[in-house]
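Each protein sequence line maps, in turn, to chains A and B.
So the first sequence is numbered by our numbering: it starts at 1096 and just counts up by one.
So the second sequence is numbered by our numbering: it starts at 11 and just counts up by one.
Inspection log for the structure reproduced underneath, given as structure tokens.
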Amino acid sequence: MIFSLDLFCNAVVAGVLLGGFYCAVAVGITIAFGMLDIVNIAHPAFIMAGGFIAYYFNSNFGVDPVLACAIATVPAYLVGRLLYRFYHHAFEKRGEESLQGLAFFFGLMFIIEVGLVLTFGVDFRFVEAAYIGPTISIGFISIPWRLLVPLVVGLGVVGGIIVFLSRTFIGKAILAVSQDPLALRLVGGNPVKVKEIAFGLAIATAILSGALLIVIQPIEPSLGRDFIGRVFAIAVLGGMTSLPGTILASMILGVAESLTTTFFGPSWSPAVAFGLLLVTLAVRPAGILGR
Amino acid sequence: MKPSSPRSLGAQARHKTVRALAAFAICAVGGTAVMFALDQAGTDYAFLAAYTILQFVALATAWNILGGYAGYVNFGVAGFFAVGVYTSVIIYKTLQWPLLFTIPLAAVVAGLLGLGMGYLTLRLRGVFFSIATLAFSVVLNTLVVNWSFVGGSRGVYVIHPASMAFFGSYARYLMVVMLILAVGSVLIARMIENSRIGNGLAALKDDEMAAECAGVPSLRLKLFATTVSGALLGAVGAPFPYFITYVDPTSAFSLTIAVNAIAMPLIGGTATWTGPVIGALLLGTLQQVATVTISSALSLLIVGVLLVVFITVAPNGIVGFIRDWREKQK
């Protein structure tokens, strides 16, 4: 282990950049798991699906990966709404969401992953774009464009959702359903409809972050499993329902992973998220910005 | 399952003993019959296939003690299994104990880990426990990858003797070991199910708050179930290095094991011990056939689709489906 100041600074900068990407990845879980109480462990599988959508349109038609997935968020939103409607009728209505619902998403994760394996194979796939490759150098710190673009898009997505939730009528209804579904019903709102919209939004963010992932690194279908720990660690650490908490927690995880990779080697980095998660659950289950 | 007409306690106890003895006799006769049938196949492959299916019976039953009876979903099956696998590898590389002594040790190590993890997370909502078990499995995986003594990510070879006295080929011996483990797991699960502990677990599965108010010591029961379930999962892992003879983290922490151990009880039915056994026998056989005839990726897809279809259409599994159907017939 060689410790030097510029190595340390570079690792921290890379970690913050990575954190920007992680908040795009985790915002869907904060919405689905934190606000709607839907334990969507298939979320990372949707991220991988997004990555392969970007790959398909980039390698066949030369479309920019982020643009391809930005367009794909519209059908993804509709798929998310349908999925929630199905989930609600099959499990939530019967009051069996805890065990059966969890197993349902587990099975779904599996189907998506094996489906991707059967369609695209198990090789690593990558995309081509102008911003993959070059880096900006400021003194001894280097900022690769391939990490800067996900940071900007990621923060933009989360910022947009924060504005959406606090300014629009539907957004306020989503916050209301996360606080008290019964009270929403009493004032004449339909929690099922509101949750349906919010879940559609969550799936749309998953697809978009898939494009960011394939910009950062080559992907293969089983890579999604590494993100299960990350998204839940961020959601729990950030305090479940708080979007600023999600951003903060993403940055913490990004920096922690980056430092671990730099000073201990990349083989230790998968344990960082889960270690953070276990410690948070044991010490402060409410998260840093939790109520 | 419960007798509908009121009966004296003595008669009930006698009835239970008779049933337990009958179950034991059926297992013994069935086991011998299976051995005989497999001998007719004439190749070791038959024993290895039977080993795989029996391993799933044991894993599904072990998972069900916590997941089915108490309703706490353990996603870390592969982690507990791998603890057993690597305990066995460590013993192989150091003390060279025979397998039969390694299995109890693996059970103790995995059980203690289950207890520790239960202490950390079982006070929280069930969902957090599930995510923590997933975390536990990945942390263990990372530790093993970085631990060169047990082979790291390169893996390690485990050499077993070509044959065992009295059992003939080693594959035959391994299958008998796994048969005993599977039957043992089922008997333990059945014992728990019919005891006060089982009733307490069922109560807290229905409504934890109400169960606590009625005086059910829910945390202690959950810890008990986690420990027993973890110990059994670890015990099933112990013979695994001798079965595949080359252990690497990918095979020890395999997703196939995690998915099947969860899918099999849910498809079979989680409320009774028969569910996981039926689910494991059906799905295990189906996968053996599909892997040989089609491909292993597709056989996994079948499991995923069946899981989703069953929990949507028949949430109480095959056993619950049959029970409902028979009640309708009356």
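Every residue gets a Cβ at the ideal spot worked out from N, C-alpha and C, and that includes glycine.
Please read these numbers as outputs of a predicted model, since none were measured by experiment.
As for any beta strand (DSSP E) of minimum length 3 sitting wholly inside the segment 11–97 of chain B, there is none.
The C-beta of glycine 81(B) comes closer than 8 Å to at least one C-beta of chain A. Those residues of the segment 137–158 of chain B placed with their C-beta closer than 8 Å to a C-beta in chain A are Val137, Phe138, Ser140, Ile141, Ala142, Leu144, Ala145, Phe146, Val148, Val149, Asn151, Thr152, Leu153, Val155 and Asn156, ordered along the chain.
With a threshold of 8 Å between beta carbons, proline 259(B) makes no contact with chain A. At a cut-off of 8 Å between beta-carbon atoms, glycine 1324(A) makes contact with chain B. Chain A has a Cβ within less than 8 Å of the Cβ of threonine 322(B). Chain order gives no chain B residues near glutamine 1274(A), where near means a beta carbon separation below 8 Å; the closest approach is about 17 Å. Here the alpha carbons of phenylalanine 1259(A) and serine 98(B) stand approximately 55 Å from one another. Measuring C-alpha to C-alpha distances from glycine 165(B) to each of Ala290(B), Ala199(B), Gly124(B) and Ile254(B) identifies Ile254(B) as the nearest. For asparagine 1155(A), the number of other beta carbons within 10 angstroms of its own is below 16, and it is reported as exposed. Between isoleucine 1236(A) and valine 1108(A), the beta carbon gap of about 5 Å places them in contact (Cβ cut-off 8 Å).
Around the CB of isoleucine 1298(A), 16 or more other CB atoms lie within 10 Å, so the residue is classed as buried.
For a Cβ distance threshold of 8 Å, residue set Thr152, Val155, Asn156 and Ser163 of chain B lies close to serine 1362(A), ordered along the chain. Its chain contains Gly1110, Leu1113, Ser1364, Val1367 and Ala1368 as the residues whose beta carbon lies nearer than 8 Å to that of glutamate 1352(A), once the 5 sequence neighbours on both sides are disregarded; these appear in chain order. Among the residues facing chain A, leucine 130(B) is included, as its CB has a counterpart in that chain under 8 Å away.
Under the Cβ criterion of 8 Å, leucine 310(B) is counted among the residues facing chain A. When secondary structure is reduced to three states using DSSP, threonine 143(B) falls in the helix class. CA-CA distance, leucine 191(B) to phenylalanine 138(B), rounds to 30 Å. The shortest C-alpha to C-alpha distance from leucine 317(B) to any of Ala290(B), Val302(B) and Gln298(B) is the one to Ala290(B). One Cα belongs to isoleucine 1148(A), the other to phenylalanine 1221(A), and the distance between them is close to 11 Å. In the same chain as arginine 1241(A), and ignoring 5 residues on each side of it, the C-beta atoms closer than 8 Å to its own belong to Tyr1226, Ile1227, Gly1228, Val1310 and Ile1311, in chain order.
Residues Ala72, Ile75 and Leu76 of the same chain have their beta carbon placed closer than 6 Å to that of serine 239(B), with the five preceding and five following residues left out of the count. Residue burial annotation: phenylalanine 85(B) is buried, with at least 16 other C-beta atoms found within 10 angstroms of its C-beta. Contact between the segment 278–289 of chain B and the segment 57–70 of chain B is present, with at least three C-beta pairs closer than 8 Å. Per DSSP, the continuous beta strand (DSSP E) segment holding threonine 1230(A) begins and ends at 1230–1233. At a cut-off of 8 Å between beta-carbon atoms, proline 325(B) makes contact with chain A. For proline 1245(A), the enclosing alpha helix (DSSP H) stretches over residues 1240–1262. Here the alpha carbons of glycine 1216(A) and leucine 292(B) stand approximately 28 Å from one another. Chain order gives the chain B residues near alanine 1377(A) as Leu130 and Thr131, where near means a beta carbon separation below 8 Å. Against chain B, the beta carbon of glutamine 1312(A) has no neighbour under 7 Å; the closest one sits roughly 18 Å away. Here glutamine 106(B) is exposed. Its C-beta has fewer than 16 other C-beta atoms within 10 Å. Closest in C-alpha terms to leucine 214(B), from the list Val193(B), Leu132(B) and Leu144(B), comes Leu132(B).
Taken atom to atom, the span from the alpha-carbon of alanine 271(B) to that of arginine 230(B) is near 24 Å. Inside the segment 108–161 of chain B, DSSP marks whole alpha helix (DSSP H) runs of 4 or more residues at positions 109–131 and 136–155, from first to last along the chain. When secondary structure is reduced to three states using DSSP, serine 1237(A) falls in the strand class.
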